[in-house]
Structure formats: C-alpha cells, structure tokens
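Student: Chains B and E are the protein sequences, given in the same order.
Per this note's numbering, the first sequence runs over residues 1 to 110.
Per this note's numbering, the second sequence runs over residues 111 to 220.
Heads up, the beta-carbon is just placed ideally off N, CA and C, and yes, glycines get one too.
Just dropping this structure here.
2 protein chains.
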Amino acid sequence: MPRAATTSDAFNAVAEPRRREILNLLALEERPVSEIVARLGIEQPSVSKHLRVLRDTGLVHARRDGRQIFYRTNAEAIRPLHEWTETFARFWRHQLLRIKERAERKSRVN
Amino acid sequence: MPRAATTSDAFNAVAEPRRREILNLLALEERPVSEIVARLGIEQPSVSKHLRVLRDTGLVHARRDGRQIFYRTNAEAIRPLHEWTETFARFWRHQLLRIKERAERKSRVN
DNA sequence: ACAATACATTCCCGTATAGGCATATGTCTA
DNA sequence: TAGACATATGCCTATACGGGAATGTATTGT
C-alpha cells in the first residue's frame with residue numbers, strides 16, 4: 001500500500017512544503033490564486049492543484065469574486081495537528097527544565 | 111516529481127498514521143521492537159521499516175540491549191511541527207473569542 | 001560451532017503522488 | 001457573441017511509497 005492520500009487528512013496535506021507555504025501566506029488574509037502564484041513563484045496549475053488538496057482537507061476556504069477566487073487558511077483544520085504535537089510538548093519542556101536545573105546546580109557549585 | 115521522501119523531514123514522517131501510533135507508544139517509555147509489534151498489531155518488518163524512517167528523521171532514539179533494541183520517542187524532533195502549528199493557534203483562538211463574544215451579545219439581547 | 005531469538009533489509013507490486021504542458025471551464029467586457 | 005482573463009483539470013512521467021514474503025545480520029545460550 002502506498003502512503004495515504006494527501007486528500008485524506010491534514011497530516012498528509014501539510015507534509016508538502018509548498019502547501020505549508022501557501023497556508024502561511026493565506027493565514028493573515030484571503031488572496032486570489034494569481035497572488036499566490038506571484039508571491040511563491042510556483043506555476044499556476046501547480047498552485048491550483050495544491051489548493052485543491054488543501055480545500056478537500058478543509059485547510060482552506062474559497063470564495064469566488066468575479067473571475068477571481070479568494071482563498072484563505074482555515075486555522076481550525078490545523079488544530080488536530082497542534083493538539084497531537086502538544087501531547088509531546090511536556091516532554092521537551094521537561095527536558096528543558098532538567099537542563100535548567102542542571103545549570104543552576106552547576107552555578108551553585110561554582 | 112513525486113512526493114518528498116518520508117526521510118526528508120518530520121512533517122513527512124508523521125504523515126503516516128502508524129508512525130504516529132508508534133511515536134505515541136514510545137513517548138512515555140522506551141520499548142523493544144517486539145512490544146511495538148505486539149501492541150500495535152503490525153508485522154515486524156513493517157515496524158522495523160517505520161522505525162527506520164523515524165530514526166532517520168531523528169524522531170526516535172535507539173539503544174541496543176542484548177538482542178533487543180529499545181526505541182524511544184525524541185520529543186524534541188516534534189517541536190518544529192508544534193511551532194509551525196502554533197503560528198496558526200492564535201487564529202482559532204481568536205475565532206473562539208469571536209464566537210464567545212457573539213454568544214454573550216446574544217444572551218445580553220435575550 | 002550451532003540453534004534460537006530479535007531485528008533489519010531486500011525485492012516485488014500496485015498505488016499515489018507532484019511537476020510540466022496543454023486544454024477546459026467559468027466570468028467579465030466590448 | 002467573441003475575446004480576454006482567472007482558474008481548474010487532464011494527461012504524462014519519474015519517483016517514492018507501504019505492505020507482504022523471504023532473507024540477512026547480530027546476539028545469546030548451549
């Protein structure tokens with residue numbers, strides 16, 4: 001079996017660096033496809049295909065205005081990723097704490 | 111061009127659900143391969159291959175003890191993912207805030 | 001040295017890419 | 001209605017994938 005389809009879930013969709021760039025770009029404000037093409041320097045068909053994946057996974061919303069279609073990141077869809085990574089956060093925070101403690105112990109000795 | 115290699119970065123590595131399961135399992139304590147096989151019900155060669163990817167991306171550490179090899183999640187390697195998703199957190203938090211405000215406005219009217 | 005145990009690697013296969021290019025679709029304007 | 005503009009889709013190719021089965025490698029105990 002090959003890797004799961006990029007359209008199946010957010011984890012797969014954001015595995016592609018260009019798609020993450022697109023999500024970054026569309027986080028603050030909605031933008032038409034042409035602007036994504038211009039800013040990221042990716043071919044238009046390629047951008048459209050990435051947007052298709054992002055739309056199918058709910059990572060972006062689309063709104064048509066005349067000939068243009070404005071896309072915007074749907075942060076809510078990124079939330080599951082954030083939550084999954086958050087379950088590991090306590091480990092590196094704990095690690096940092098230990099490093100800090102060790103440093104303090106050291107400076108106490110000196 | 112095909113999708114980027116799973117070994118290229120953490121984003122690609124965790125796109126695979128089984129690998130996320132493995133990371134979850136190895137987060138609290140190190141475990142030998144046989145235990146991962148038993149707990150997740152995946153074939154041993156398959157587990158070994160996933161572990162290889164996770165090791166190449168630094169997502170797990172390995173320690174040999176006799177015939178067994180103990181693996182353990184390296185939370186630090188998940189941090190970049192957490193940080194990337196964190197940049198979007200303020201948007202859904204803001205969204206939640208707006209929903210809350212709207213609810214309060216509504217109840218004020220009633 | 002040999003057998004058993006614990007993992008890792010290799011090969012094969014069907015599938016899902018992502019990019020490039022051409023083309024189709026939808027919308028506005030003259 | 002024709003043409004320009006904005007975007008989407010289809011086709012092609014090379015490549016990476018993940019599972020299954022078989023095999024290789026390292027370590028231990030006898």
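If you compare alpha carbons, which of E:Leu161, E:Arg174, E:Arg173 is closest to isoleucine 132 (chain E)?
Tutor: It is E:Leu161.
Student: Let me check understanding here. Comparing Cα to Cα, which of E:Ile179, E:Arg200, E:Glu186 lies closest to glutamate 140 (chain E)?
Tutor: Of the listed residues, the one whose Cα sits closest to glutamate 140 (chain E) is E:Ile179.
Student: Within the 8 Å Cβ cut-off, does isoleucine 78 (chain B) reach chain E?
Tutor: It does; some Cβ of chain E falls within 8 Å.
Student: What does histidine 82 (chain B) touch in chain E if you count any residue whose Cβ is under 8 Å from its own?
Tutor: Correct list: His192, Thr195, Glu196, Phe198, Ala199.
Student: Give a yes or no on whether the C-beta atoms belonging to threonine 73 (chain B) and alanine 27 (chain B) are separated by under 8 Å.
Tutor: Taking 8 Å as the Cβ cut-off, threonine 73 (chain B) and alanine 27 (chain B) qualify as a contacting pair.
Student: In chain order, what residues of the same chain lie with their CB nearer than 6 Å to the CB of valine 14 (chain B), ignoring the 5 residues before and after it?
Tutor: Correct list, in chain order: Arg20.
Student: Just to confirm the assignment, what range does the alpha helix (DSSP H) spanning aspartate 175 (chain E) have?
Tutor: Taken as a continuous stretch (DSSP letters only), aspartate 175 (chain E) belongs to no alpha helix (DSSP H), being part of the beta strand (DSSP E) at 170-175.
Student: Can you round the beta-carbon distance between tryptophan 92 (chain B) and arginine 189 (chain E) to whole angstroms, since I take them to be within the 8 Å contact cut?
Tutor: Going by Cβ atoms, the distance from tryptophan 92 (chain B) to arginine 189 (chain E) rounds to 6 Å, so yes, they are a contact pair.
Student: Using the beta-carbon of each residue, which ones in chain B are nearer than 8 Å to glutamate 131 (chain E)?
Tutor: Correct list: empty, because the minimum Cβ distance to chain B is about 11 Å.
Student: Is the CB of glutamine 95 (chain B) under 8 Å away from at least one CB in chain E?
Tutor: Yes, glutamine 95 (chain B) counts as interfacial toward chain E.
Student: Taking arginine 223 (chain E) as the reference, which of E:His192, E:Ser144, E:Pro112, E:Leu164 has the closest Cα?
Tutor: In this structure chain E extends from 111 to 220, so residue 223 (chain E) is not present and cannot be described.
Student: Quick check on glutamate 16 (chain B) - is its C-beta less than 8 Å from some C-beta in chain E?
Tutor: Judged by the 8 Å Cβ criterion, glutamate 16 (chain B) is in contact with chain E.
Student: Report the partner residues of isoleucine 179 (chain E) according to the DSSP bridge assignment.
Tutor: Per DSSP, E:Arg174.
Student: Determine, for alanine 62 (chain B), whether the minimum Cβ-Cβ distance to residues of chain E falls below 8 Å.
Tutor: Closer than 8 Å: no.
Student: What is the DSSP secondary structure of asparagine 122 (chain E), counted as helix, strand or coil?
Tutor: Correct three-state label for asparagine 122 (chain E): helix.
Student: Under the DSSP definition of a beta bridge, which residues are partnered with arginine 31 (chain B)?
Tutor: Bridge partners of arginine 31 (chain B): B:Tyr71.
Student: Taking aspartate 175 (chain E) as the reference, which of E:Ser158, E:Val143, E:Asp119 has the closest Cα?
Tutor: Residue E:Val143 is the option with its Cα nearest to aspartate 175 (chain E).
Student: Anyone know if the C-beta pair for histidine 192 (chain E) and alanine 89 (chain B) falls short of 8 Å?
Tutor: Their beta carbons are under 8 Å apart, which means histidine 192 (chain E) touches alanine 89 (chain B) by this criterion.
Student: Helix or strand or just coil, what does DSSP make of proline 127 (chain E)?
Tutor: Proline 127 (chain E): helix per DSSP, three-state reduction.
Student: Would you mind telling me which residues of chain B sit closer than 7 Å to phenylalanine 121 (chain E), beta carbon to beta carbon, in chain order?
Tutor: Going along chain B in sequence order, the residues near phenylalanine 121 (chain E) (Cβ under 7 Å) are Val14, Ala15.
Student: Where do the ends of the alpha helix (DSSP H) carrying arginine 55 (chain B) lie?
Tutor: Start and end: 44-56.
Student: Going along chain E, which residues have a C-beta under 7 Å from arginine 72 (chain B)?
Tutor: Neighbours of arginine 72 (chain B) on chain E: none; closest Cβ ~10 Å, over 7 Å.
Student: Going along the region 26-37 of chain B in order, which residues come within less than 7 Å of chain E, judged by CB to CB distance?
Tutor: Residues passing the 7 Å Cβ filter: Ala27.
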